[in-house]
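Going line by line, the protein sequences match chains F and B.
Just so you know, we're using my numbering here: the first sequence kicks off at 5 and counts up by one.
Just so you know, we're using my numbering here: the second sequence kicks off at 5 and counts up by one.
Think of the CB as a built atom: it goes at the ideal place given N, C-alpha and C, for glycine as much as any other residue.
Below: the structure, in structure tokens.
Protein chains: 2
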Amino acid sequence: MANSTEPTACVDRLKVLADATRLAVVESLMAGPQRVGVLMDRLHVEQSLLSHHLKVLREAGLVDTERDGKAVVYRLADYVKTDSAGQAINLGCCRLSFTP
Amino acid sequence: MANSTEPTACVDRLKVLADATRLAVVESLMAGPQRVGVLMDRLHVEQSLLSHHLKVLREAGLVDTERDGKAVVYRLADYVKTDSAGQAINLGCCRLSFTP
DNA sequence: CATTCATATGAACGTTGGTTTATGTTGTCT
DNA sequence: AGACAACATAAACCAACGTTCATATGAATG
């Protein structure tokens with residue numbers, strides 16, 4: 005019931021990542037765009053469940069989609085992908101880097 | 005009910021931060037150790053509720069406590085505090101930086 | 001030692017959120 | 001057009017989580 009006019013708080017974006025499946029999706033997409041079927045195989049998640057989580061990522065603006073025939077290709081949103089070198093994602097409010 | 009022998013997953017640590025109150029506590033503690041009473045005033049959170057959230061942060065190992073008379077002082081755990089300059093926290097599995 | 005201050009704990013409640021099952025939609029191929 | 005493949009959506013269920021209220025603990029002070 006979040007008002008679409010008010011900007012998403014940092015907490016809400018963290019909530020999106022605070023799920024095993026969604027975090028795995030994001031980390032997997034850091035390697036490049038991927039089709040849903042590939043994500044299913046790599047993450048061992050049921051189709052419907054994965055689709056639900058992808059919807060959350062979409063609505064949070066963390067990922068974008070593109071059709072490729074029957075398949076749908078998911079990729080990290082442009083603003084999310086940060087510096088070329090690091091394994092990091094940009095949430096706008098904060099940055100997450102996975103390189104210790 | 006997490007088995008204490010197995011290491012905490014990155015997701016679990018993110019879950020801890022994915023709450024408005026707890027994130028506010030951590031951000032507030034980045035400025036230095038603080039007593040519970042001070043956190044109550046600054047964050048406008050009821051005593052009991054704050055205490056519950058502090059417990060979650062404690063059990064996650066993100067904060068440490070120290071007695072100061074009747075009061076209890078909370079501070080970020082040593083490994084959490086990262087580089088001197090940046091407003092960043094280290095979760096072990098990943099780093100969160102709040103400087104765009 | 002009784003009281004008060006500062007914080008923690010326990011239980012009960014309501015809501016959110018992840019999972020499952022079933023069905024719908026969109027595209028492709030023959 | 002029919003059939004299949006790839007993915008999305010809807011509804012229902014259950015568990016986890018945040019919140020509240022009541023009570024307990026521990027330290028200090030008279």
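query                                                                                                                                                                : result
Is any beta-carbon of chain B found at less than 7 Å from that of F:Lys59?                                                                                           : no
When DSSP labels each residue in this structure, what does B:Val76 get in the three-state scheme?                                                                    : strand
Can a CB atom of chain B be found closer than 7 Å to the CB of F:Ser32?                                                                                              : no
Where do the ends of the alpha helix (DSSP H) carrying B:Ala92 lie?                                                                                                  : No alpha helix (DSSP H) holds B:Ala92; the beta strand (DSSP E) holding it covers Ala92 to Asn94.
May I ask you to report which of helix, strand or coil DSSP gives F:Asp23?                                                                                           : coil
For B:Ala28, I'd like the list of residues in its chain whose CB is within less than 7 Å of its CB, leaving aside the five on either flank, ordered along the chain. : Leu47
I need the boundaries of the beta strand (DSSP E) containing B:Leu100, first residue and last residue.                                                               : Arg99 to Ser101
Please report how far the alpha carbon of B:Ala6 lies from the alpha carbon of B:Arg17, in whole angstroms.                                                          : Any reading at B:Ala6 must be qualified, since the residue scores a pLDDT of 39, below 50, and its modelled position is unreliable; no value is offered.
Please check if any C-beta of chain F sits within less than 7 Å of the C-beta of B:Leu18.                                                                            : yes
Taking all protein chains shown into account, decide if F:Lys59 is buried (16 or more other Cβ within 10 angstroms of its Cβ) or exposed.                            : exposed
Can you check whether the C-beta of B:Arg99 is within less than 7 Å of a C-beta belonging to chain F?                                                                : yes
Assuming F:Val76 and F:Leu54 are in contact, meaning their beta carbons sit under 8 Å apart, how far apart are those beta carbons, in whole angstroms?               : Not confirmed; about 11 Å, so no contact.
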